[in-house]
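Residue numbering for the sequence shown follows the numbering used here, beginning at 56 and increasing consecutively. Note that beta-carbon positions come from the ideal geometry of N, C-alpha and C, so glycine has one too. What follows is one structure encoded as structure tokens, with my remarks underneath.
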Amino acid sequence: MKAQETKRFTITSALPYANGPLHIGHLAGAYIPSDIFARFQRLKKHDVLHVCGSDEHGAAITIKAKKEGSTPQQIVDKYHLQIMESFKEFGIAFDIYHRTSAQIHHELSQEFFLNLYNKGEFIEKTSEQYYDEDFNQFLADRYIVGTCPNCHSEGAYGDQCEKCGTSLNPTDLINPISTLSGKAPVLRETKHWYLPLDKYQDFLEKWLIEGKKDILKSNVFGQCSSWLKSGLQARSMTRDLDWGVDVPLKEAEGKKLYVWLDAPIGYISASKQWALDTNNDWEKYWKIQADPKDNAHLIHFIGKDNIVFHCIIFPAILKAHGDYILPENIPANEFLNLEGDKLSTSRNHAVWLHEYLNEFPQRQDELRYVLTSILPETSDSEFTWKDFQARINNELVAIFGNFINRVMVLSHMYFDGKVMEASALTENDRSVLEELTHYPEKIEKSINDYRFREALSHFINVARLGNKYLAEEEPWKIIKTDEERVKTVLNVSLQIASNLATLALPFLPFTAEKLFTMLNQPQKDWEQAGKANLLQPGHQLGEVQLLFEKITDEQVQFQLDKLAQAKIDNQPAKSEVSPVKSNISFDDFSAMDIRTGKIIAAEKVAKTKKLLKLTIDTGIDERTVVSGIAEFYQPDEIIGKQVSILVNLEPRAIKGIQSQGMILMAEDSNGKLSFVAPLDDINPGSTIR
56 MKAQETKRFT ITSALPYANG PLHIGHLAGA YIPSDIFARF QRLKKHDVLH
106 VCGSDEHGAA ITIKAKKEGS TPQQIVDKYH LQIMESFKEF GIAFDIYHRT
156 SAQIHHELSQ EFFLNLYNKG EFIEKTSEQY YDEDFNQFLA DRYIVGTCPN
206 CHSEGAYGDQ CEKCGTSLNP TDLINPISTL SGKAPVLRET KHWYLPLDKY
256 QDFLEKWLIE GKKDILKSNV FGQCSSWLKS GLQARSMTRD LDWGVDVPLK
306 EAEGKKLYVW LDAPIGYISA SKQWALDTNN DWEKYWKIQA DPKDNAHLIH
356 FIGKDNIVFH CIIFPAILKA HGDYILPENI PANEFLNLEG DKLSTSRNHA
406 VWLHEYLNEF PQRQDELRYV LTSILPETSD SEFTWKDFQA RINNELVAIF
456 GNFINRVMVL SHMYFDGKVM EASALTENDR SVLEELTHYP EKIEKSINDY
506 RFREALSHFI NVARLGNKYL AEEEPWKIIK TDEERVKTVL NVSLQIASNL
556 ATLALPFLPF TAEKLFTMLN QPQKDWEQAG KANLLQPGHQ LGEVQLLFEK
606 ITDEQVQFQL DKLAQAKIDN QPAKSEVSPV KSNISFDDFS AMDIRTGKII
656 AAEKVAKTKK LLKLTIDTGI DERTVVSGIA EFYQPDEIIG KQVSILVNLE
706 PRAIKGIQSQ GMILMAEDSN GKLSFVAPLD DINPGSTIR
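So this is what it looks like as structure tokens:
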């Protein structure tokens with residue numbers, strides 16, 4: 056047999072912001088998939104470097120500090136430690152978990168900037184940016200909110216509208232407001248250094264669209280294609296902030312590197328620190344080698360909100376630098392919802408990892424299993440506590456745990472816990488063992504294709520195979536009449552159990568360790584999986600333990616009550632309403648032509664999550680309106696719905712669709728939208744005044 060070629064993998068997990076604890080959405084987005092992939096490649100004896108770290112710069116940190124009356128450094132110190140400990144306890148096996156506030160990271164980020172600067176890659180531009188006169192500072196994108204020019208939702212940030220997903224510049228906002236003073240900012244001139252992404256348009260189209268069309272996941276490829284189709288623009292790589300990595304130029308005193316320049320470099324600086332700590336060579340994991348065959352395979356595991364940065368901006372930076380390999384794949388996941396609603400850190404609508412670890416001690420693998428089984432691999436998925444209970448009780452306990460328990464108990468009961476030699480194999484024995492040989496290959500293919508849900512289903516099917524085999528052979532019935540046959544049945548069953556221990560290693564590391572202990576067996580590598588001689592005759596098994604215990608109704612109800620209480624606690628007080636806007640004249644109001652209308656057709660806008668294309672009977676005509684309500688209403692449930700529509704709003708193109716008006720919606724403090732409509736059935740075209 057030809058020896059397996061050893062590959063070198065550089066595996067990165069998205070850097071979590073150090074401004075709050077981890078929740079299950081983070082785990083499902085990046086960390087569980089990256090951990091499964093890294094563990095598996097190690098089992099295959101490949102050379103793996105798995106890195107992550109806390110993203111400790113950017114406006115999100117400073118906003119958190121201002122809200123808590125703290126400093127950015129105090130915030131990042133607190134949450135870096137908490138996040139690192141949560142990862143460790145949960146069993147995410149990074150080679151290093153670093154932080155972007157480290158000196159080695161600041162130095163490397165500045166080296167990157169200077170490399171591009173000295174090559175003339177940046178465009179220096181003086182532009183007008185928003186400035187808060189009360190606080191005497193320029194405003195980062197996240198310090199500015201206003202009305203989205205695309206969907207007209209209020210509360211859009213200066214870099215993105217979270218309602219419709221449109222990427223924005225602060226000056227795009229309608230009625231911008233500073234989040235610091237609550238007042239309208241003024242425009243002042245400031246100088247910044249821009250990376251002309253349009254210069255890399257052709258390169259990115261060839262490398263990404265042509266080269267990775269059949270490699271990237273559909274959700275990743277679709278988002279990248281949309282961005283490139285829209286045409287890339289120069290993006291500022293510096294910011295007017297007082298927290299972050301200093302721009303290493305004399306003329307840029309007081310300015311910091313854009314967080315999306317320095318954050319991905321955090322993967323590399325973490326690797327450099329790891330190399331120093333372990334006396335290794337970090338460059339072989341990141342830099343282009345003399346022989347392309349020696350280049351590492353760079354894989355980024357991220358959530359969908361980071362796709363553009365990892366697929367377009369960071370590759371453009373690496374390409375401009377010239378010494379670094381480009382990512383082979385970016386298997387981004389979509390979002391995980393919770394109990395019928397979006398995960399929300401601000402509303403405490405989340406399952407926090409540190410709380411789970413306290414409330415379900417020693418049950419890390421149960422959460423790993425459930426989240427892996429519902430990973431939002433190409434579309435959003437949902438976590439519910441009832442489903443959590445069902446998957447654990449009906450799959451881990453009733454299938455996997457039940458099979459292991461029966462095999463171990465019967466072996467101790469009949470043969471004092473010894474593995475007995477198998478005699479003549481029956482057709483069923485041979486069929487089961489033959490089927491067993493195929494599962495490692497199935498799991499391997501699914502993991503290498505980033506289909507982790509599928510890989511996990513193959514794994515649990517091995518336990519199903521074992522249960523089916525025991526049910527067919529019924530050793531407890533024939534022990535008194537055919538002991539030799541029972542020896543064979545239990546030998547076959549124990550070979551399946553030993554295989555399960557190895558196959559569990561990428562998915563359920565704590566369970567695998569426990570099962571190897573029960574079998575009194577050292578850990579095996581992946582190449583031994585599928586074999587029928589992993590346990591030799593005469594081998595003494597360890598003590599019987601339960602692998603899993605059921606989740607009770609009381610435990611589920613406790614968690615549901617927590618979420619319900621959080622919802623109550625976060626209900627806005629009656630005084631928490633939007634401030635009154637500036638007065639307008641009666642003539643201004645009279646100029647708005649608001650009519651009643653009726654929705655006669657509705658459909659989702661392709662490649663968007665939040666937009667619906669509505670056809671509305673206005674009484675005047677039938678017209679198309681694009682509205683950002685897809686998160687709250689399904690197209691088929693709003694047909695025939697009465698609406699209020701501003702019919703004399705200037706038409707505008709949204710996602711290539713000409714939108715001819717705007718429907719009126721009420722928005723609560725949590726962002727939920729509801730139709731503003733007449734109580735009685737009124738003919739379309741009736742005037743609202």
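As the crow flies, the alpha-carbon of Gln689 is around 17 angstroms from that of Glu722. Short of 7 angstroms from the beta carbon of Arg678, and not among the five residues preceding or following it, lie these beta carbons of its own chain, in chain order: Ile671, Gln715, Gly716. Counting only residues of its own chain and dropping the five nearest sequence neighbours on each side, Cys366 has a CB closer than 6 angstroms to the CB of Cys279, Ile385. As the crow flies, the alpha-carbon of Val681 is around 19 angstroms from that of Leu228.
One Cα belongs to Pro127, the other to Gln417, and the distance between them is close to 33 angstroms. For Pro706, DSSP assigns no beta-bridge partner whatsoever. As the crow flies, the alpha-carbon of Ala621 is around 7 angstroms from that of Arg402.
Per DSSP, the continuous beta strand (DSSP E) segment holding Glu244 begins and ends at 241-251.
The C-beta separation of Ile323 from Trp341 comes to about 6 angstroms, placing the pair in contact by the 8 angstroms criterion. Annotation: Glu604 to Ala453 spans about 10 angstroms, alpha carbon to alpha carbon.
Taking C-beta atoms as the reference points, Glu111 and Thr155 count as a pair closer than 7 angstroms. Under the 10 Å beta carbon count, Glu528 is surrounded by 16 or more other beta carbons and is classified as buried. C-alpha of Ser326 to C-alpha of Leu98: approximately 21 angstroms in a straight line. Fully contained in the segment 309-387 are the following beta strand (DSSP E) runs of length 3 or more, in chain order: 352-356. When the alpha-carbon of Leu601 is set against those of Leu574, Val103, Tyr249, the nearest one is in Leu574. Leu263 and Ile372 have their C-alpha atoms some 15 angstroms from each other. In the three-state scheme derived from DSSP, where H, G and I count as helix and E and B as strand, Val462 is classed as helix. Residue pairing of His101 in beta bridges, as defined by DSSP: absent, with no partner found. Going by DSSP, His153 is part of no alpha helix (DSSP H) but of the beta strand (DSSP E) stretching over 151-154. Collapsing the DSSP output to three states places Pro690 in a helix.
Taken in chain order, the complete alpha helix (DSSP H) segments of 4 or more residues contained in the segment 112-156 are 114-123, 127-145. Taken in chain order, the complete alpha helix (DSSP H) segments of 4 residues or longer contained in the segment 257-286 are 273-285. Take Ile199, set aside five residues on each side of it, and the residues of its chain with a beta-carbon closer than 8 angstroms to its own are Tyr185, Tyr212, Gly213, Pro225, Leu228, Pro231, Ile232, Ser233, Thr234, Pro240, in chain order.
Where Asn230 is concerned, the enclosing beta strand (DSSP E) starts and stops at 229-233. The three-state secondary structure of Gly597, taken from DSSP, is coil. Sorting Ala375, Gln344, Cys107, Leu391 by C-alpha distance to the C-alpha of Asn173 places Ala375 at the top. In the three-state reduction of the DSSP assignment, Lys62 falls in the coil class.
Under a 10 Å Cβ-count criterion, Thr651 is classified as buried, with 16 or more other Cβ atoms of the shown protein chains found around its own Cβ. When DSSP states are grouped into helix, strand and coil, Ala211 belongs to the strand group. Residue environment: Asn191 is assigned as exposed (fewer than 16 neighbouring CB atoms within 10 Å of its CB, all protein chains considered).
When C-beta atoms of the segment 500-512 are compared with those of the segment 540-554, fewer than three pairs fall below 8 angstroms, so the two segments do not count as touching. In the DSSP assignment, Gln697 falls within the beta strand (DSSP E) that extends over 697-701. Contact between the segment 130-145 and the segment 402-415 is present: 3 or more CB-CB pairs across the two stretches fall below 8 angstroms. Judged by DSSP in its simplified three-state form, Phe193 adopts strand. Annotation for Ser729: the continuous beta strand (DSSP E) segment containing it runs 728-730. Each residue's CA atom was taken as its position, placing Thr492 and Thr439 some 35 angstroms apart.
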